[in-house]
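Numbering follows UniProt numbering, in which position 66 of the sequence shown is assigned residue number 66; successive positions increment by one, without gaps.
All residues carry an ideal CB built from backbone N, CA and C; glycine is no exception.
Since this is a predicted model, take the numbers as computed values, not measurements.
All remarks here apply to the structure that follows.
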Amino acid sequence: MPPQDTCVPSSLTLRCPAGSVIIVTSAEYGVAQVDGSCSYTPGDCIVDAMSIVNCVSDSVTCSIYATRKRLSECNDQFGSYVHIEYDCVPMSMNDPAKEYNVCQQNSTEITSDYGILKSPGYPSQFQLTPSECLRTIHVPDNKIVRLWLSDLYVSSAGINCPNDHVYVVDNVQTFRHCGLKRYAYPYLCSSTIIIQYKTTTQSSFYRGMRMYFEIVDRSPNDNCSTGSVTPVLTTTPITTTIPTDVTTAIPIYVVLGIASPIQSFQICKDQSHTLQCPNDYVVAVRTNIYGVTPSDQCEDHDASKHCVLATDPAFYCRQSCTYMYTGNRVIPSCSNKIAAYQYVEYQCIPLKTELVSPNTTCPTDGSKVPIQIDRRGRFQSYKYGTSILTKMNCTYRLKTKPGDIMHIYALDISLNDYLKDCKENKIAFIEDGETQGSDFCEERSYKLLYSTCSNEIDMRYIVTDDSMYFSDGAELYIESQARPSDWPCGKPLPTSSSPMTPSTPIPIQTTHHAQNTSAATYPMTTTSDSYRIIIIVLSAVLGSIVVMGIIGGFSYYIKVVKPKRKIIVSNGAVNDIPMT
């Protein structure tokens, strides 16, 4: 289908022919270099926008709401437009012989040119599987399999979907999905594809799985490696000996109980990298970039010289995970070239900091609920973790000390049963002077959500539909830091008439480490405050000199220059003579 573009904020309706279903293959926010432009031009900063896609029904239309969003990857500028690419995939076959049961016993390999795979009883008579089901699609070496997960609705419990899932395995990678999902698989390298399906959790809501495949010609320059394909063992942990970011020494950020500095790595074709965080920390990926280089060779990441695309990660990390780049990621916005590398920035963020949120309902008078952030803190919504949502419309006033900003990370936001339209239930961050902010309702991975412009911000928590069965509320990690001098986001620093007081030390529990230390305190430094006072004084002195110079120049103009510009001629007229 032809790509669709729309300005922000607005809505966009995707359409498919009858008998087919919409599957969005890519969605990107773009910051236009040309004012008023609503489509991509080379050089635009683009960021993955799949989080706004909510096409999960078998309707021939799907509406996407492109909200106004600040993009941290684009120097905190607001997106100008949204670019959507999608496919229309058939829901059924005219020939019943081309519809296959993924769990059919003693089944042969599938070799037809196209078809549909379904789970037992799909969609109205959902069934559990007594064991792991496997089906294989095998094609000649000059062909590949294109694959779409056109419907999946199973349980999402557990890490990496261990008990309820659909896995797609080729010779270089494994794609794991569970819960409610529709997905267009990227280019699959191998001539043999294994589909694994397993369900152990019963619910009247679940439907199972439906998948569509096509056999097409292999691209002549797909950079695919050869290798055998074996099923994934879901009960045995996978081990690896490739280099990692693991360290045995206790990092200073763990001692302080805060997030790690931003770390990064880059991998080229057929390279892997494992990263791991300390105990009680998890991986929060901040940037996931694919880069196309002028030479088509792997070069050090340089966004100013390379055509790059920032995307959401294809999988979620917890304490550790492994990245592997197969070298076959096609970037549509870079003239459909293959990315030469993958570049990732991430942090390790703590899970068990102190709670700063009250476990109460909203004030009856509609007033804002103050929440003070002293370096760090954890927010939980009312009755979080009980799978019970309560109708609420609260505004929390997050505040840290003057001169600081706050970074807000998602530990879990589950407010809308996996649907990402954010119309009924959401969290929104509203800067002072703005009426509309950034909305979030489904973020079940660890990630940086928002960085504030100043030391205060409104956070609205809204639940108007409390009938969600698979939603727990919201849990956030919030951390403050001194506002960098080159911070790209907006307003002047807040002023305060109150005298400065030394910061209160933060007690840090470290009993889980090898050291026998039960607690330690680390006072916050006041160096940045001293620098700030010096800068203010110097600015005032320089400002006074500039003002005095302007006044003196104006007096000179009135007394000396202006009289010389007028000459009286014999007829009494006044002529202005231009100065040279």
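Inter-residue Cα distance where the pair is Ser203 and Tyr446
Mapped onto the sequence shown, residue 203 falls at position 203. Mapped onto the sequence shown, residue 446 falls at position 446. Distance between the alpha carbons of Ser203 and Tyr446: 27 Å.
When the Cα atoms are used, what is the spatial distance from Tyr450 to His407?
Position 450 of the sequence shown, counting from 1, holds the residue named residue 450. Position 407 of the sequence shown, counting from 1, holds the residue named residue 407. Each residue's Cα considered, the two are about 6 Å apart.
Rounded to the nearest angstrom, what separates Ser381 and Asn359 at their Cα positions?
Indexing the sequence shown from 1 puts residue 381 at position 381. Indexing the sequence shown from 1 puts residue 359 at position 359. Near 7 Å, if we compare the C-alpha coordinates of Asn359 and Ser381.
What did DSSP end up calling residue 583 once you bin it into helix, strand or coil?
Lying before the first or after the last residue shown, residue 583 is absent from the chain, which here runs from 1 to 580.
For Asp170 versus Met209, is the C-beta distance shorter than 9 Å?
For the purposes of this step, residue 170 is taken as the residue at position 170 of the sequence shown. For the purposes of this step, residue 209 is taken as the residue at position 209 of the sequence shown. Not closer than 9 Å, so no.
Work out the CA separation of Val31 and residue 616 for me, nearest whole Å.
Because the chain is modelled from 1 through 580, residue 616 falls outside the range shown and cannot be assessed.
May I have the straight-line CA-CA distance separating Cys133 from Leu415, to the nearest angstrom?
Translated into the one-based positions of the sequence shown, residue 133 becomes position 133. Translated into the one-based positions of the sequence shown, residue 415 becomes position 415. Roughly 32 Å between the two C-alpha positions.
Can you find the residues in the same chain that come closer than 8 Å, C-beta to C-beta, to Lys337, ignoring five residues on each side of it along the sequence?
Position 337 of the sequence shown, counting from 1, holds the residue named residue 337. Excluding sequence neighbours, Lys337 sits near Val292, Asp296, Cys307, Val330, Ile331.
Which residues mark the beginning and the end of the alpha helix (DSSP H) in which Tyr253 is found?
In the sequence shown, counting from the first residue as 1, residue 253 sits at position 253. First-last of the alpha helix (DSSP H) with Tyr253: 252–256.
Extent of the continuous beta strand (DSSP E) run through Glu299:
As a position in the sequence shown, residue 299 is number 299, starting the count at 1. That residue, Glu299, is in no beta strand (DSSP E); it is neither H nor E in DSSP.
For Glu443, the nearest candidate out of Ser20, Tyr409, Trp487 (CA to CA):
Here the question's residue 443 lines up with position 443 in the sequence shown. Considering only alpha carbons, the answer is Tyr409.
Determine the burial state of Gln196: buried for a count of at least 16 other Cβ atoms within 10 Å of its Cβ, exposed for fewer.
Start at 1 with the first residue of the sequence shown, and residue 196 comes out as number 196. Buried.
Starting from the Cα of Thr361, find the closest Cα among Thr61, Tyr86, Thr67, Thr395 and give me that residue.
In the sequence shown, residue 361 corresponds to position 361, counting from 1. If we check each option's Cα against that of Thr361, Thr395 comes out closest.
Name, in chain order, the residues that DSSP records as bridge partners for Val166.
As a position in the sequence shown, residue 166 is number 166, starting the count at 1. Val166 pairs with His177, Tyr197.
My output table needs one value for Ile52: the three-state DSSP class, helix, strand or coil.
Stepping through the sequence shown from its first residue, residue 52 is reached at position 52. Here Ile52 sits in helix by DSSP.
Determine the contact status of Lys198 and Asp164, defining contact as a CB-CB distance below 9 Å.
Taking the sequence shown and counting its residues from 1, the one referred to as residue 198 is at position 198. Taking the sequence shown and counting its residues from 1, the one referred to as residue 164 is at position 164. Taking 9 Å as the Cβ cut-off, Lys198 and Asp164 qualify as a contacting pair.
Could you say which of Asn288, Ala284, Ser304, Gly385 lies nearest to Ser318 if we only look at CA atoms?
Residue mapping note: residue 318 aligns to position 318 of the sequence shown, counting from 1. Note that residue 318 corresponds to Arg in the displayed sequence, not to Ser. Of the listed residues, the one whose Cα sits closest to Arg318 is Ala284.
Does the separation of the CB atoms of Leu256 and Phe379 fall below 9 Å?
On the sequence shown, residue 256 is found 256 positions in, with the first residue counted as 1. On the sequence shown, residue 379 is found 379 positions in, with the first residue counted as 1. Against a cut-off of 9 Å, the Cβ pair of Phe379 and Leu256 comes out as no contact.
Residues near Pro3 by beta carbon distance below 7 Å, same chain, minus five either side:
If you number the sequence shown from 1, residue 3 lands on position 3. Excluding positions up to five away in sequence, the list reads His83, Ile84, Glu85.
Label Lys420 either buried or exposed according to how many other C-beta atoms from any shown protein chain fall within 10 Å of its C-beta, with 16 as the threshold for buried.
Working through the sequence shown from its first residue, we reach residue 420 at position 420. Answer is buried; the Cβ neighbour count reaches 16.
Provide the residue span of the beta strand (DSSP E) that contains Phe440, from first to last.
Within the sequence shown, the letter at position 440 stands for residue 440. Segment 438–440, the beta strand (DSSP E) holding Phe440.
List the endpoints of the continuous beta strand (DSSP E) containing Arg376.
Counted from its first residue, the sequence shown places residue 376 at position 376. Residues 376–380.
Start and end residues, beta strand (DSSP E) containing Val463:
Position 463 of the sequence shown, counted from the first residue, corresponds to residue 463. Unbroken beta strand (DSSP E) run through Val463: 456–463.
CA-CA distance, Leu71 and Gln77?
As a working note, residue 71 is residue 71 in the sequence shown. As a working note, residue 77 is residue 77 in the sequence shown. Whole-angstrom Cα-Cα distance: 6 Å.
Between which residues of its own chain and Phe470 is the CB-CB distance below 6 Å, once the five residues before and five after are set aside?
Within the sequence shown, residue 470 is the residue found at index 470, counting from 1. Taken in chain order, the residues that qualify are Asp417.
According to the Cβ coordinates, are Ala340 and Cys268 closer than 9 Å?
For the purposes of this step, residue 340 is identified with residue 340 of the sequence shown, where counting begins at 1. For the purposes of this step, residue 268 is identified with residue 268 of the sequence shown, where counting begins at 1. Closer than 9 Å, so yes.
By DSSP, does Pro337 sit in helix, in strand, or in coil?
Along the sequence shown, one-based indexing puts residue 337 at 337. As written in the sequence, residue 337 is Lys, which differs from the Pro given in the question. DSSP places Lys337 in strand when its eight states are reduced to three.
Strictly by DSSP, which residues pair up with Met468?
Within the sequence shown, the letter at position 468 stands for residue 468. Answer is none; Met468 lacks a bridge partner.
Could you name the residues that DSSP lists as bridge partners for Tyr153?
For the purposes of this step, residue 153 is taken as the residue at position 153 of the sequence shown. Looking at the DSSP assignment, Tyr153 forms a beta bridge with Leu180, Gly208.
Where do the ends of the beta strand (DSSP E) carrying Gln4 lie?
Your numbering for residue 4 matches position 4 in the sequence shown. Note, Gln4: beta strand (DSSP E), 4–7.
How close, in whole Å, do the beta carbons of Leu180 and Val56 come, if the pair is a contact with beta carbons under 8 Å?
Sequence index remark: in the sequence shown, residue 180 carries index 180 (1-based). Sequence index remark: in the sequence shown, residue 56 carries index 56 (1-based). So it is a contact: roughly 6 Å between Cβ atoms.
Does Asp151 come within less than 9 Å of chain D when only Cβ atoms are used?
Given the protein chain composition of this structure (a single chain), no chain D is represented.
Whether Leu128 touches Cys62 by CB criterion (9 Å):
Translated into positions along the sequence shown, residue 128 becomes position 128. Translated into positions along the sequence shown, residue 62 becomes position 62. For Leu128 and Cys62, no; Cβs fall outside 9 Å.
Does DSSP put Leu14 in a helix, a strand or coil?
If you number the sequence shown from 1, residue 14 lands on position 14. Strand, per DSSP.
Tyr531 in three-state terms, based on DSSP
Residue mapping note: residue 531 aligns to position 531 of the sequence shown, counting from 1. No answer about Tyr531 holds up, because its pLDDT of 45 lies below 50 and its placement is not dependable.
Candidates Lys383, Cys348, Pro350, Asn393, of which the one nearest Gly366 by Cα:
Here residue 366 refers to the residue found at position 366 when the sequence shown is read from its first residue. If we check each option's Cα against that of Gly366, Asn393 comes out closest.
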